[in-house]
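Single-structure report; data block below.
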Amino acid sequence: MVVDIKSVLIVDGVGAKCAELLNAYGIATTTKAKISKEELLMEIPNHDALVVRSATQVTKEVLDAGVKLKVVGRAGAGVDNIDVDSAGKKGVGVINAPGANALSACELTCTLMLVLARHVVPASTALKAGRWDRALYTGSELAGKTLAILGLGRVGREVATRMYAFGMNIIGFDPFVSADQCAQFHCTKMELEDIWPLADYITLHTPLIESTRNFINADVLKQCKKGVKIINVGRGGLIQETDFLQALKSGKVGGAALDVFEQEPPTDPVTLEIIQQPAVIATPHLGASTKEAQVRVGQEIAEQLVNLVKPGTFPTLLAEVTRVLNK
């Protein structure tokens, strides 16, 4: 099927490669690194396609204003900032670039796990303040510990491969991945109820959909080991924050590294209190923030748009199938 796309609006600082590639195939582009909701509503009627990162909220109002709109492209993996249901009802396609930032998200996940294990952030902060608190920051090795990976898509698989090399025991859950497939990247597939009591570390790599919202909650945390460490470079909203804060304060959760939040930048008092906890490392959604990933996401979305206009121009790129973690 050929889609008539003559003009694309690119926002949120998507890499220049996106516009360059589209222009090379005769597709006009308008680039606005930052755009307000009001500006977006005024500009979107002029375009056939919209490319966003995570900052712009593509709401029903925006979709309704896009009278010519045929496609929304998410330069990245998650599409929770796009009203996919409303897009479907209007006949607007939604595409993403799930593989383009997988390595960057994986590397940040592994980094945060190591930093948690060795108390790197508080130790560095103490030394900069003039304190030599060597004994206070005795950490633990990752070798021999059990890592549970929830969501075994591109990022989860990359994490499994790398942390297996560190000597970790890798277990995981994903309803779309078979046990045989898991074995190929050194992971033992298990049911969720069997995972919680075993995991020393839990890392989240599932999209935010209704069945995964508040996935890590009081009921789940009760089943976990005391002192479990949790890393979230996936999506804000996967963790029930009130429950999580109590688990941090009680020591049930021994540490957390959080790169994503339901509201960004966070202003909710509970979220802000979580960020301030001594056992928490918080980063401002850096998972895909590498030069290499930003080039790739822009290029991959552009290639998909060109393929819609001129099928077969680039190798087929399949957008990630929505993955559902069944509780």
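When the count follows our numbering, it moves up by one through the sequence shown with no breaks and lands on 330 for the last residue.
For glycine and all other residues, C-beta sits at the position ideal for the given N, C-alpha and C.
Contacts around residue i, its chain only, beta-carbon distance under 6 angstroms, and the 5 residues preceding and following it disregarded
i: N84; result: S57 and Q60
i: T325; result: Legend: pLDDT at T325 = 36, less than 50; position of this residue unreliable, no value from coordinates given.
i: Q297; result: G18
i: G230; result: G257
i: I38; result: V14
i: L321; result: Since pLDDT at L321 reaches only 45, below the 50 mark, its modelled position is unreliable, and no value is offered.
i: C190; result: A163, I173 and G175
i: A285; result: L261 and I278
Exposure label - residue i; buried when at least 16 CB within 10 Å
i: K330; result: Note on K330: pLDDT 30, under 50, position unreliable in the model; the coordinate value appears next. It is exposed - the Cβ of K330 has fewer than 16 other Cβ atoms within 10 Å.
i: L372; result: Since the first and last residues shown for the chain are 4 and 330, residue 372 lies out of range.
i: G159; result: buried
i: Q266; result: exposed
i: G315; result: exposed
i: T128; result: exposed
i: S107; result: buried
Sub-8 angstroms separation of residue i and residue j beta-carbons
i: V54; j: V11; result: yes
i: V309; j: L24; result: yes
i: D262; j: G290; result: yes
i: L248; j: V273; result: yes
i: G142; j: A120; result: yes
i: G16; j: I304; result: no
i: G240; j: L275; result: no
i: T62; j: T206; result: no
Close beta carbons around residue i, own chain, < 8 angstroms, minus the five adjacent residues each side
i: V312; result: V5, V6, D7, I8, Y28 and I30
i: V283; result: L251, G258, A259, A260, L261 and I277
i: A348; result: Here the chain has residues from 4 to 330 only, and residue 348 is not among them.
7 angstroms Cβ shell around residue i - same chain, five flanking residues per side excluded
i: E323; result: Its pLDDT being 40, under 50, E323 is placed unreliably by the model, and nothing is read from it.
Cβ-Cβ separation, residue j to residue i (assumed contact under 8 angstroms), whole Å
i: F176; j: E161; result: Going by Cβ atoms, the distance from F176 to E161 rounds to 17 angstroms, so no, they are not a contact pair.
i: I242; j: Y204; result: Contact flag wrong, Cβ pair sits at about 15 angstroms.
i: V82; j: V65; result: So it is not a contact: roughly 14 angstroms between Cβ atoms.
i: G133; j: G147; result: G133 to G147, Cβ: 35 angstroms. No contact.
Chain D within 8 angstroms of residue i, Cβ atoms only
i: G290; result: The question asks about chain D, but that chain is absent: this structure has only one protein chain.
heavy atom of the ligand ADP below 7 angstroms from residue i C-beta
i: C109; result: Although the ligand ADP was asked about, the structure shown includes no ligands whatsoever.
**Message:** Going residue by residue through the region 232–319, where are the continuous alpha helix (DSSP H) segments of at least 4 residues, counting only ones entirely within it?
**Reply:** 244–253, 272–279 and 294–312
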